[in-house]
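Beneath this line is the structure, given in structure tokens, with notes to follow.
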Amino acid sequence: MKIAFIGLGNMGGGMAANLVKAGHDVKAFDLSADALERAAGNGCETFTEAKEAVAGVDAVVSMLPNGKIVDAVYSGDVIGHAPTEAILLDCSTIDVATARKVAGDADGAGYAMVDAPVSGGIAAADGGTLTFMVGGAADAFARADPILSVMGKAVIHAGDSGAGQAAKICNNMLLGASMIATCETFKLADKLGLDLQTFYDISSKASGQNWSMTSYCPVPGVGPQSPADNEYAGGFATALMLKDLRLAMEAASGADADVPMGGRAAELYEAFAEENGGLDFSAIIKSLG
Ligand code: NAD
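In this note's numbering, each residue carries its 1-based index in the sequence shown increased by 5.
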């Protein structure tokens, strides 16, 4: 298949490389010359104009920083420039309203489009083990599925247009709140004189068990290997968690949903990100007394 790939940064670079490895002919566009050079090294054909990259392709995949950029790229360079037979897949994390607006614009011009944000970080993008949550019509999902399957271990149809983004921000709001709850729990356990490994052994087999504890423990030396064991480097950056929590707050306010725990998590990450945006999000444990 001929696939245009737009946005070959930390995530998109590895995703495009996996499409090449699977035998696809990948036409890469990014504003960054460095990103394009890395893409060329991974076997992509590179372009300095997005319109040229999308000409004559069977699919367009994008992995971009935010909704404003996604809207600008699709309205300026993809819609009307890619063949209408091409399936459009936006894998960026963006707000639900923009995802629906761009898919509506695409539909109006005769294209099928899905929003397909991911769970999993740079290692999962490189390793082809991302989880995709997909919003769009059933026939668009059926066309997107084999392309996404090359880049991920799970591809799940969440519902109509925008449902992928909705699932992503709901999941990450839960993750942000549960990480903070896990951090403060370990701090309290420590102050109450509990041995933290012993507390982990108990809580990981009791009703407090959750992913932030047993797959990503924020306490160094406790539980499985995690960014906490590497001074909170790598992993999922605090700045990206804050981005997702802001999107969740925006969506909650638009949907008139009460999210007091999500709201508090957003406030705490807002404060922590001021000086620690590059650290893994589990580092928020360091801000708790
Ligand atoms: P990144 O900043 O590393 O990459 C984005 C790329 O888009 C850059 O190479 C940039 O030059 C390019 N770009 C920006 N504007 C462009 C334009 N107009 N045309 C073409 N290219 C343009 O970001 P990333 O970490 O790869 O994240 C990409 C998306 O994935 C974001 O929406 C992010 O929220 C989401 N995400 C990231 C992670 C993660 O761990 N990094 C995890 C899950 C989801």
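C-beta: ideal position from N, C-alpha, C; glycine also.
> Leaving out five residues before and five after P223 in sequence, what residues of the same chain have Cβ atoms less than 8 Å from its Cβ?
Replying inline: M184, T187, C188, F191, S217, S231, A233, S287, A288, I289 and I290
>> Is N15 close to ligand 1? I mean its beta-carbon at under 7 Å from any heavy atom of the ligand.
In response: yes
> By Cβ distance, which residues of its chain are closer than 7 Å to G164, with the 5 residues on each side in sequence left out?
Replying inline: Here the set comprises G140.
>> Could you give the first and the last residue of the continuous beta strand (DSSP E) run that contains M138?
In response: L135 to G140
> For the region 72-85 against the region 37-50, are there 3 or more C-beta pairs whose distance is under 8 Å?
Replying inline: no
> Between which two residues does the beta strand (DSSP E) containing V83 stretch?
Replying inline: Element bounds for V83: n/a, residue is neither H nor E.
> Does DSSP put I289 in a helix, in a strand, or in coil?
Replying inline: If DSSP states are grouped into helix, strand and coil, I289 belongs with the helices.
> How many whole angstroms separate the CB atoms of V65 and L93, which I take to be in contact at a CB cut-off of 8 Å?
Replying inline: 5 Å
> For P232, is the beta carbon positioned less than 7 Å from some heavy atom of ligand 1?
Replying inline: no
>> Rounded to whole angstroms, what is the Cα-Cα separation between I8 and G213?
In response: 45 Å
> Between R251 and L179, what straight-line distance do the alpha-carbon atoms span, to the nearest angstrom?
Replying inline: 13 Å
>> Using only the alpha-carbon positions, how far apart do S154 and M118 sit?
In response: 16 Å
> For the 8 Å Cβ check, are there 3 or more pairs between the region 253-263 and the region 274-283?
Replying inline: The region 253-263, when compared against the region 274-283, does not touch it at the 8 Å Cβ threshold.
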